[in-house]
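Read the structure below first, then the notes.
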Amino acid sequence: MKPIDKKEPIFTIGIVAQRLGISEHTIRMYEREGLIIPFKKESGHRLFSEYDMERIECIKKTIAEKKISIAGIRRLLALIPCWEIKKCPIEIRKECPAYIDFDRPCWLHKANLKGDCATNECRECDVYNSIKSCDELKELLKKFLVSAQV
DNA sequence: ATTCTCACA
DNA sequence: TGTGAGTA
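Residue numbers (my numbering): -10 to 139.
Here it is in structure tokens:
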């Protein structure tokens, strides 16, 4: 009986840093730059799930292999079509900062969003989690390269 | 013992 | 990105 729910935030930043070979400082930076959304206890202490670690590892590898910056990753994440995933009505999306901003993903606009986008926990949202497998980040990278050449 | 935030000879 | 300070 292994109660290992990959979604459960149970790992401390120290554990994650050690197992992924990344400094705690860098992990916090990923958060500051909007790449990840760690679970936070009342105390302010971060906790990470198995999926969180996979995401962080994916980001780390992509930055290293593709030689793009943290801001670059953020722009990739900003390409996630949240309006499609959330079936956002056209009247709403026209006014939505997440639909307009090409630099930052929707969860960094949480304070200015409407409907359930404003109340949902972005950490649990399908938009944020559409990058669970690293392949999907690569797909975004392809789209990014295409749109960047135009 | 660990993590947090903030700052930077 | 690293490292130290001062906490909780």
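The beta-carbon is built from N, C-alpha and C at its ideal position, and this holds for glycine as well.
Item to check | Inter-residue spacing [alpha-carbon to alpha-carbon] between Lys131 and Glu31 | outcome: Walking along the first sequence from the start, residue 131 turns up at place 142. Walking along the first sequence from the start, residue 31 turns up at place 42. Each residue's alpha carbon lies about 39 angstroms from the other.
Item to check | Where Leu97 falls, given that 16 or more other Cβ within 10 Å makes a residue buried | outcome: As a position in the first sequence, residue 97 is number 108, starting the count at 1. So Leu97 counts as buried.
Checklist entry - DSSP three-state call for Arg93: helix, strand or coil? => result To locate residue 93, count along the first sequence from 1; it is residue 104. Coil at Arg93, not helix or strand.
Checklist entry - Taking the alpha-carbon positions, what's the Phe133 to Cys123 distance? => result Within the first sequence, residue 133 is the residue found at index 144, counting from 1. Within the first sequence, residue 123 is the residue found at index 134, counting from 1. Each residue's Cα considered, the two are about 15 angstroms apart.
Checklist entry - What's the C-alpha gap between Thr15 and Lys83? => result Translated into the one-based positions of the first sequence, residue 15 becomes position 26. Translated into the one-based positions of the first sequence, residue 83 becomes position 94. Approximately 35 angstroms, taken between the alpha carbons.
Next on the checklist: Could you pull the DSSP bridge partners for Phe28 from this structure?
Outcome noted: The residue you call residue 28 lines up with position 39 of the first sequence. For Phe28, which the question treats as bridged, DSSP gives the partners Leu36.
Checklist entry - Counting pairs of Cβ atoms below 8 angstroms between the segment 33 to 50 and the segment -6 to 5, do you hit three or more? => result yes
Next on the checklist: Taking 9 angstroms as the threshold (C-beta atoms), are Pro94 and Ile69 in contact?
Outcome noted: Sequence index remark: in the first sequence, residue 69 carries index 80 (1-based). Sequence index remark: in the first sequence, residue 94 carries index 105 (1-based). When the beta-carbon positions are compared, Ile69 and Pro94 come within less than 9 angstroms of each other.
Next on the checklist: To the nearest angstrom, how far is the alpha carbon of Gly104 from that of Ile62?
Outcome noted: As a working note, residue 104 is residue 115 in the first sequence. As a working note, residue 62 is residue 73 in the first sequence. Each residue's alpha carbon lies about 27 angstroms from the other.
Next on the checklist: Quick check: Cys71 and Val135, are their CB atoms within less than 9 angstroms of each other?
Outcome noted: By one-based count along the first sequence, residue 71 stands at place 82. By one-based count along the first sequence, residue 135 stands at place 146. Not a contact, by the Cβ cut-off of 9 angstroms.
Checklist entry - Rounded to a whole number of angstroms, what is the C-alpha to C-alpha distance between Arg8 and Ile74? => result The residue given as residue 8 occupies position 19 in the first sequence. The residue given as residue 74 occupies position 85 in the first sequence. Taking the straight line joining both Cα atoms gives about 32 angstroms.
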